[in-house]
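Which chain is which? The protein sequence lines are A and B, in order.
Counting along the first sequence from 1, when you hit position 57 you're at 57 in the numbering used here, and nothing is skipped either side.
Counting along the second sequence from 1, when you hit position 26 you're at 26 in the numbering used here, and nothing is skipped either side.
For each residue, glycine too, the CB sits at the ideal point set by N, CA and C.
No experiment lies behind these values; they were computed from the predicted model shown.
As structure tokens, the structure follows; a few thoughts come after it.
Protein chains: 2
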Amino acid sequence: MKNRLKVLRAENDYTQEDLAEFIGVSRQTINAIEKGKFDPSLPTAFRISKFFKLPIEDIFDYEEG
Amino acid sequence: MKNRLKVLRAENDYTQEDLAEFIGVSRQTINAIEKGKFDPSLPTAFRISKFFKLPIEDIFDYEEG
DNA sequence: AAATAATGTAAATAACACTTTACATTAAAA
DNA sequence: TTTTAATGTAAAGTGTTATTTACATTATTT
Chain A
1 MKNRLKVLRA ENDYTQEDLA EFIGVSRQTI NAIEKGKFDP SLPTAFRISK FFKLPIEDIF
61 DYEEG
Chain B
1 MKNRLKVLRA ENDYTQEDLA EFIGVSRQTI NAIEKGKFDP SLPTAFRISK FFKLPIEDIF
61 DYEEG
């Protein structure tokens, strides 16, 4: 699953550390999500969504396969 | 996190078994999600979302706390 | 160029999502 | 009312999400 986290962070001028604190996860978790190492849990996705004031679908791109 | 799975299933006349097969998880997983035992993973939430043709936000209700 | 901030990555561990098997309860149909 | 379908639940196991600590690399500032 792809995501626009890095771009959204850049647009709003946040570091991975900043975002991690706001969302309530570790910096490594944000990094791993950005790098596509794993997908966030649904609760984490919701927090990211609310933080950027964007629907989950506008941040995460699910493609079947 | 609350969800409208049971209602959506009823509206479309699907059993937990039906939904489980369509989504690609076990019936117990659907049951557990409905019963609030745990939240689905983001990929599973996306599959449910696409199946019902509704945004994730219209199916799952995240409340902070 | 040297110091500092930001990011990438890894190992060990904990917590959670999900599976299978199995059985009990509830609802619906014959 | 007896059978069958649907749902609820539990235990044991697997894989994934997230944590902490720690260090290396890449940018940015000074």
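Quiz item: For aspartate 39(B), does the three-state DSSP call read helix, strand or coil?
Solution: One-based indexing of the second sequence puts residue 39(B) at position 39. Three-state result, aspartate 39(B): coil.
Quiz item: Quick one: is the Cβ of isoleucine 33(B) within less than 7 Å of any heavy atom of the ligand HEM?
Solution: With respect to small molecules bound, the structure shown includes none, and the ligand HEM cannot be examined in it.
Exercise. Use the C-beta contact count for threonine 29(B): other C-beta atoms within 10 angstroms, 16 or more gives buried, fewer gives exposed.
Key: Translated into positions along the second sequence, residue 29(B) becomes position 29. The residue is buried, with at least 16 neighbouring Cβ atoms inside 10 Å.
Quiz item: chain B beta carbons: is any one of them nearer than 8 Å to that of serine 26(A)?
Solution: Here the question's residue 26(A) lines up with position 26 in the first sequence. False, the Cβ-Cβ gap to chain B never drops below 8 Å.
Practice problem: Note down, in chain order, each residue of its chain lying with its Cβ closer than 8 Å to the Cβ of valine 51(A), except the 5 sequence neighbours on either side. | Solution: For the purposes of this step, residue 51(A) is identified with residue 51 of the first sequence, where counting begins at 1. Position check: residue 51(A) holds phenylalanine in this sequence, whereas valine was assumed. The answer, listed in chain order, is Leu19, Phe22 and Ile23.
Quiz prompt | Residue nearest to glycine 36(B) in terms of C-alpha spacing, selected from Leu42(B), Phe60(B), Leu8(B) and Ala10(B) | solution = For the purposes of this step, residue 36(B) is taken as the residue at position 36 of the second sequence. The shortest Cα separation from glycine 36(B) among Leu42(B), Phe60(B), Leu8(B) and Ala10(B) belongs to Phe60(B).
Practice problem: Can you pull the chain B residues whose beta carbon is under 7 Å from the beta carbon of tyrosine 62(A), in chain order? | Solution: Here residue 62(A) corresponds to residue number 62 of the first sequence, with the count starting at 1. Within 7 Å Cβ-Cβ: Pro43 and Phe46.
Quiz item: Since glutamate 17(A) contacts arginine 27(A) with CB under 8 Å, what's their CB separation in whole angstroms?
Solution: Along the first sequence, read from residue 1 onward, the residue named residue 17(A) stands at position 17. Along the first sequence, read from residue 1 onward, the residue named residue 27(A) stands at position 27. About 5 Å; that satisfies the 8 Å criterion.
Quiz item: Using the beta-carbon of each residue, which ones in chain A are nearer than 9 Å to aspartate 18(B)?
Solution: By one-based count along the second sequence, residue 18(B) stands at place 18. Ordered by position in chain A, no residue passes the 9 Å Cβ test against aspartate 18(B), which lies about 19 Å from the chain.
Quiz item: Hey, glutamate 63(B) and isoleucine 56(A): beta-carbon distance below 8 Å or not?
Solution: Within the second sequence, the letter at position 63 stands for residue 63(B). Within the first sequence, the letter at position 56 stands for residue 56(A). Taking 8 Å as the Cβ cut-off, glutamate 63(B) and isoleucine 56(A) do not qualify as a contacting pair.
Quiz item: Listing by chain order, which chain A residues have their CB less than 9 Å from the CB of glutamate 57(B)?
Solution: Residue 57(B) sits at position 57 when you count from the first residue of the second sequence. The answer, in chain order, is Phe46, Ser49, Pro55, Ile56 and Glu57.
Self-check item: Residue span of the alpha helix (DSSP H) that contains valine 7(B), given as start and end
Solution: Locating residue 7(B) in the second sequence gives position 7, where the first residue counts as 1. Here the alpha helix (DSSP H) through valine 7(B) covers 5-12.
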